[in-house]
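First comes the structure, then the notes that go with it.
Numbering (the numbering used here), first residue to last: 1 to 159.
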């Protein structure tokens, strides 16, 4: 039986606070969603001024990142993104309508080499969503490093 870390509300709240701080620093109104390794929503926050479509998009990004164990933008990254026309996963986003996102802003949460959840960011451009998402991952790393755990904190994550 596998044992490991389980993402809980305390860590999700910490990540959301870090994401909000980064959002405020770069002057963008974001929605942040965090799911567990089963794609179940743990926490969601839409900042004042963020788009009303943000929650659904952020949840889809987090779900996709956790479920497919990769950053969502990698599905369309040239030249071999699996969702690009002609590649093996072209059209995959149509299989689970409304829950699957193949554009920038979703990142798996990887602790000690295992995917424990996903974070989805919606509201900025790709560069802004990436900055906010990686800030949240770095905050989790800082929090749990003292217990000897390691979080992948870069944008291009594929497990």
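Ideal Cβ placement from N, Cα and C applies to all residues, glycine included.
Measuring straight from C-alpha to C-alpha, what distance separates residue i and residue j?
{"i": "residue 157", "j": "residue 74", "result": "8 Å"}
{"i": "residue 30", "j": "residue 54", "result": "7 Å"}
{"i": "residue 83", "j": "residue 72", "result": "10 Å"}
{"i": "residue 153", "j": "residue 21", "result": "17 Å"}
{"i": "residue 128", "j": "residue 69", "result": "21 Å"}
{"i": "residue 59", "j": "residue 9", "result": "16 Å"}
{"i": "residue 16", "j": "residue 140", "result": "10 Å"}
{"i": "residue 80", "j": "residue 87", "result": "7 Å"}
{"i": "residue 96", "j": "residue 89", "result": "13 Å"}
{"i": "residue 52", "j": "residue 159", "result": "32 Å"}
Could you say which of the options lies nearest to residue i if we only look at CA atoms?
{"i": "residue 37", "options": "135, 152, 109", "result": "109"}
{"i": "residue 7", "options": "58, 115, 154", "result": "115"}
{"i": "residue 126", "options": "102, 83, 143, 113", "result": "102"}
{"i": "residue 48", "options": "32, 39, 60", "result": "32"}
{"i": "residue 130", "options": "147, 13, 23, 11", "result": "23"}
{"i": "residue 12", "options": "143, 19, 34, 149", "result": "34"}
{"i": "residue 42", "options": "27, 25, 98, 14", "result": "14"}
{"i": "residue 148", "options": "111, 99, 26", "result": "111"}
{"i": "residue 138", "options": "19, 57, 77", "result": "19"}
{"i": "residue 26", "options": "143, 144, 124", "result": "124"}
Name, in chain order, the residues that DSSP records as bridge partners for residue i.
{"i": "residue 46", "result": "31"}
{"i": "residue 163", "result": "An answer regarding residue 163 cannot be provided, because it is not within the stretch 1 to 159 covered by the chain."}
{"i": "residue 41", "result": "35"}
{"i": "residue 10", "result": "In DSSP, residue 10 forms no bridge with anything."}
{"i": "residue 114", "result": "111"}
{"i": "residue 158", "result": "70"}
For the alpha helix (DSSP H) containing residue i, name the first residue and the last one.
{"i": "residue 151", "result": "Note, residue 151: premise wrong, no alpha helix (DSSP H); not H, not E."}
{"i": "residue 133", "result": "126-144"}
Since residue i is in the beta strand (DSSP E), which residue starts that stretch and which ends it?
{"i": "residue 67", "result": "Residue 67 -> not in any beta strand (DSSP E); alpha helix (DSSP H) instead, spanning 54-68."}
Sorry if obvious, but does the Cβ on residue i come closer than 7 Å to a heavy atom of the ligand NAP?
{"i": "residue 48", "result": "Ligands in the displayed structure: none, and consequently the ligand NAP is not present."}
(request) Report yes or no: do three or more beta-carbon pairs, one from the segment 116-125 and one from the segment 57-68, lie closer than 8 Å? (result) Contact between the segment 116-125 and the segment 57-68 is present, because at least three Cβ pairs lie under 8 Å.
(request) Taking 8 Å as the threshold, find out whether the segment 90-107 comes into contact with the segment 132-141 through three or more Cβ pairs. (result) The way I'd put it, the segment 90-107 does touch the segment 132-141; three or more beta-carbon pairs between them come closer than 8 Å.
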